[in-house]
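Chains as they are written, first to last, in our numbering: chain A, 1 to 112; chain B, 113 to 224.
Reading through the structure tokens given below for one structure.
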Amino acid sequence: DAGVIQSPRHEVTEMGQEVTLRCKPISGHDYLFWYRQTMMRGLELLIYFNNNVPIDDSGMPEDRFSAKMPNASFSTLKIQPSEPRDSAVYFCASSFTGIEQYFGPGTRLTVT
Amino acid sequence: GDSVTQMEGPVTLSEEAFLTINCTYTATGYPSLFWYVQYPGEGLQLLLKATKADDKGSNKGFEATYRKETTSFHLEKGSVQVSDSAVYFCALSPSQGGKLIFGQGTELSVKP
């Protein structure tokens, strides 16, 4: 079975540009999570969805970040405008139970 | 609030040595506990889990026992291999589910 799929795997962009990260969860999983990983702050939960509805977005850093889940098989995380401090690895994870989570390979974002 | 504390790394061991990575947690209710492993350049993989007190999770020679009296979930392996070199994350899912709270990660390096 295919795991969680994320694209792109690497993204390099200039400050001020819009960035869109994409995630396809494991089929049948009703929960989807977005995390950010940095050396300074470790792994942080940004937002999670249940049945396509955002449940907790308290980890979203600021209004520049937005996430959507238009259907059960696709989610996006958008940063507009991007800043150098947004450079990180962004992980998507999905879950059937909401407890045991399965992670994608991540998107490494570099904002110059 | 809920939190997870892991021993600081890096941990450097020789092949076939015994491994212990300490993890303690603070949580209300009855959380589920997990160990995830992250190999260089990859996403997090679920290594093992325990969902109630005194449960022992095990996988690939790794073990951890859910100790409610000491609020601990220490990871152990009797004989490490070079291929076990990775970063290990302890995590908890609160009793109501919905999110994972991670420790800061412990880097393990196994030398031949």
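Even glycine gets a Cβ: it sits at the ideal position worked out from N, Cα and C.
Enclosing beta strand (DSSP E) for residue i [first to last residue]
i: Gln150/B; result: 144-150
i: Arg36/A; result: 31-38
i: Asn52/A; result: Neither: Asn52/A is in no beta strand (DSSP E) and is coded neither H nor E.
Local conformation of residue i per DSSP, three classes
i: Ser205/B; result: strand
i: Arg108/A; result: strand
i: Val4/A; result: coil
i: Asp56/A; result: strand
i: Glu11/A; result: strand
Proximity test, residue i beta-carbon vs the ligand HEM heavy atom, cut-off 8 Å
i: Ser170/B; result: Judged by which ligands are present, the structure shown has none, so any question about the ligand HEM falls away.
Assumed close pair residue i, residue j - CB separation to whole angstroms, cut-off 8 Å
i: Leu220/B; j: Val116/B; result: Their Cβ separation, rounded to whole angstroms, is 17 Å, which puts Leu220/B and Val116/B out of contact at 8 Å.
i: Leu156/B; j: Phe201/B; result: 7 Å
i: Ser87/A; j: Val111/A; result: 5 Å
i: Ser144/B; j: Leu204/B; result: 7 Å
Counterpart residues of residue i in DSSP-defined beta bridges
i: Ile26/A; result: Answer by DSSP bridge pairing: none, since Ile26/A is not bridged.
i: Lys223/B; result: Ser126/B
i: Leu43/A; result: Gln37/A
i: Leu212/B; result: Answer is none; Leu212/B lacks a bridge partner.
Min CB distance residue i to chain C below 9 Å
i: Leu32/A; result: No chain C appears in the structure shown, which is made up of the protein chains A and B.
Q. Counting only runs that start and end within the segment 58-112 of chain A, where is the beta strand (DSSP E) found for 3 or more residues in a row?
A. List check, beta strand (DSSP E) in window: 65-71, 74-79, 88-95, 107-111.
(Q) Could you tell me which whole beta strand (DSSP E) segments of length 3 or greater appear in the segment 118-205 of chain B? (A) As far as the segment 118-205 of chain B is concerned, its whole beta strand (DSSP E) runs of at least 3 residues are 123-126, 131-133, 135-138, 144-150, 156-162, 168-171, 174-177, 187-189, 198-205.
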